[in-house]
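Residue numbers (this note's numbering): 359 to 535.
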């Protein structure tokens, strides 16, 4: 899937596993994890453990695509079913390299991913969940014209402070990208 002249997204292949491991699983305390649901534990894995225990959930899957900038893996987009029988789907995006944050990678990629999800599935709504400590994701939802649908107050504890859980969503008929 071509996003623009330097960004593409596609399912991850075997040759992507080493760079993906380096971005997502090599470090015990990566910078990206401070923003991506940091209240859930992240565990570093050796490359061998990653390949034997985890890689199959990423390899050639429809629910996770790699984001490539000039053919270099920089992140992922994904979705999961909150409740598949009612077509309640949540999407996500991670740009792992912090030097690329606020450089206009996330907006076009999540926009293309949501469009892809609406085009390839009979969905009524696409949403994402973040937390009030992640201002970038909240701003991304707003930039894409998504609606702030829920704010569950003080239900995420991180480093001794409570944060809100935040849900953004967009209905098919509202999506005009």
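Don't be surprised by glycine CBs; every beta carbon is placed ideally from N, CA and C.
Quick one: Cα of residue i to Cα of residue j, how far?
| i | j | result |
| --- | --- | --- |
| residue 438 | residue 418 | 16 Å |
| residue 408 | residue 370 | 14 Å |
| residue 381 | residue 508 | 31 Å |
| residue 499 | residue 465 | 9 Å |
| residue 427 | residue 377 | 13 Å |
| residue 430 | residue 388 | 19 Å |
| residue 455 | residue 433 | 8 Å |
| residue 506 | residue 494 | 14 Å |
| residue 411 | residue 489 | 28 Å |
Determine the closest residue to residue i out of the options, with distance taken between C-alpha atoms.
| i | options | result |
| --- | --- | --- |
| residue 511 | 374, 471, 524, 502 | 524 |
| residue 533 | 384, 470, 509, 407 | 470 |
| residue 436 | 443, 449, 444 | 449 |
| residue 447 | 362, 360, 528 | 528 |
| residue 492 | 406, 378, 514, 502 | 514 |
| residue 385 | 402, 464, 526, 396 | 402 |
| residue 462 | 472, 497, 389 | 497 |
| residue 501 | 399, 460, 395 | 460 |
| residue 443 | 453, 479, 429 | 479 |
| residue 522 | 395, 365, 372 | 395 |
| residue 530 | 488, 473, 490, 372 | 473 |
| residue 440 | 362, 481, 410, 504 | 481 |
| residue 373 | 490, 413, 504, 458 | 413 |
| residue 483 | 416, 445, 519 | 445 |
| residue 503 | 410, 535, 458, 362 | 535 |
| residue 517 | 415, 410, 398, 404 | 398 |
Under DSSP, the alpha helix (DSSP H) around residue i begins and ends at which residues?
| i | result |
| --- | --- |
| residue 500 | 493 to 501 |
If residue i sits next to residue j, beta carbons under 8 Å apart, how far is it from one beta carbon to the other, in whole angstroms?
| i | j | result |
| --- | --- | --- |
| residue 526 | residue 486 | 6 Å |
| residue 423 | residue 367 | 4 Å |
| residue 379 | residue 452 | Actually they do not touch by this definition, with Cβ atoms about 14 Å apart. |
For the beta strand (DSSP E) containing residue i, list its first residue and its last residue.
| i | result |
| --- | --- |
| residue 453 | 446 to 453 |
| residue 364 | From DSSP, residue 364 is part of no beta strand (DSSP E); its letter is neither H nor E. |
| residue 524 | 519 to 529 |
| residue 432 | 430 to 441 |
| residue 427 | 422 to 427 |
| residue 512 | 505 to 516 |
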